[in-house]
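Colleague:
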Amino acid sequence: MRNIAVFGAGYIGLVTGACLAELGHAVTVRDIQPERVEALRRGEVPIFEPGLGELLANNKERLRFTLDAREAIEHAEVAYICVDTPPTPSGDADLSRVWSVIQDLQGAPHLAAVVMKSTVPV
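Next up, the structure:
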C-alpha cells in the first residue's frame, strides 16, 4: 500500500483517486473548491461518472478530502497532478494551476514520484 496525494477533484482526479483507493492505497484528494471538498466529505458525488459513487462509498476508509496541500503531501509517496489547464485568450493552456501544485509539492518529505495527468502542451 502506498500513500498517495491527488491534486484536483474533478473528473480526472476524483476517478483516479477512487481507483487508487480501490487498489488498496491510502489516498488524500486535495481540491481548492471548499464546496466540492465538503460535498465529498459528506459522501456526495459532485460529478457524474458511472460507478464512481459506489467506488467512493466502498473505499471511504482509504479516501480523505482536503483543501490543505500540506495535509495532502504530509505522508504522500506519490502525487498525481490532475488540475484544469483552461485555455488562455490566445488559446494556449493556462498552466498556472499546474505550477501552483508543483510549488506545493516542494519539501514533501516522502515524495518519490509525481504523475502528471493534466492536459499540458509538449
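Residue numbers (the numbering used here): 10 to 131.
From the three backbone atoms N, C-alpha and C, an ideal C-beta is built for every residue, glycine too.
Using a threshold of 8 Å, state whether the C-beta atoms of Ile111 and Ala14 are closer than that.
Modeller: Translated into the one-based positions of the sequence shown, residue 111 becomes position 102. Translated into the one-based positions of the sequence shown, residue 14 becomes position 5. The answer is no: Cβ separation not under 8 Å.
Colleague: Can you give me the C-alpha to C-alpha distance between Thr25 and Val129, rounded to a whole angstrom?
Modeller: Stepping through the sequence shown from its first residue, residue 25 is reached at position 16. Stepping through the sequence shown from its first residue, residue 129 is reached at position 120. One C-alpha to the other measures close to 18 Å.
Colleague: Exposed or buried, Ala122, counting other C-beta atoms within 10 Å across all chains shown (16 or more means buried)?
Modeller: Translated into the one-based positions of the sequence shown, residue 122 becomes position 113. Classification of Ala122: exposed, given that the 10 Å Cβ count is below 16.
Colleague: Measuring CB to CB, does Leu64 end up less than 8 Å from Ala88?
Modeller: Here residue 64 is taken as the residue at index 55 of the sequence shown, counted from 1. Here residue 88 is taken as the residue at index 79 of the sequence shown, counted from 1. It is not a contact, given that the beta carbons lie outside the stated cut-off.
Colleague: Any idea if Ile90 is buried or exposed, counting beta-carbon neighbours within 10 angstroms, 16 or more meaning buried?
Modeller: Translated into the one-based positions of the sequence shown, residue 90 becomes position 81. Buried, since its Cβ has 16 or more Cβ neighbours within 10 Å.
Colleague: In whole angstroms, what separates the C-alpha of Glu80 from that of Ser99?
Modeller: The residue you call residue 80 lines up with position 71 of the sequence shown. The residue you call residue 99 lines up with position 90 of the sequence shown. Looking at the two C-alpha atoms, the distance is approximately 35 Å.
Colleague: Nearest-angstrom Cα distance between Phe57 and Val124?
Modeller: Looking up residue 57 in the sequence shown gives position 48. Looking up residue 124 in the sequence shown gives position 115. Rounded to whole angstroms, Phe57 to Val124 spans 24 Å at the Cα level.
Colleague: Between the Cα of Arg51 and those of Leu29, Ala102, Leu72, spot the shortest distance and give me the residue it belongs to.
Modeller: For this step, residue 51 is matched to residue 42 along the sequence shown. Out of Leu29, Ala102, Leu72, Leu72 has the C-alpha closest to the C-alpha of Arg51.
Colleague: Quick one: what does DSSP say Val46 is sitting in, helix, strand or coil?
Modeller: On the sequence shown, position 37 is the one that residue 46 refers to. Assigned with DSSP and collapsed to three states, Val46 falls in helix.
Colleague: What is the rounded straight-line gap between the Cα of Ser109 and the Cα of Asp101?
Modeller: Sequence index remark: in the sequence shown, residue 109 carries index 100 (1-based). Sequence index remark: in the sequence shown, residue 101 carries index 92 (1-based). Approximately 17 Å between the Cα atoms of the pair.
Colleague: In angstroms, rounded to a whole number, what distance separates the CA positions of Ile21 and Leu104?
Modeller: Looking up residue 21 in the sequence shown gives position 12. Looking up residue 104 in the sequence shown gives position 95. Cα to Cα, the separation comes out at about 16 Å.
Colleague: In three-state terms, what does DSSP make of Ile111?
Modeller: The residue given as residue 111 occupies position 102 in the sequence shown. Looking at Ile111 - three-state DSSP - the assignment turns out to be helix.
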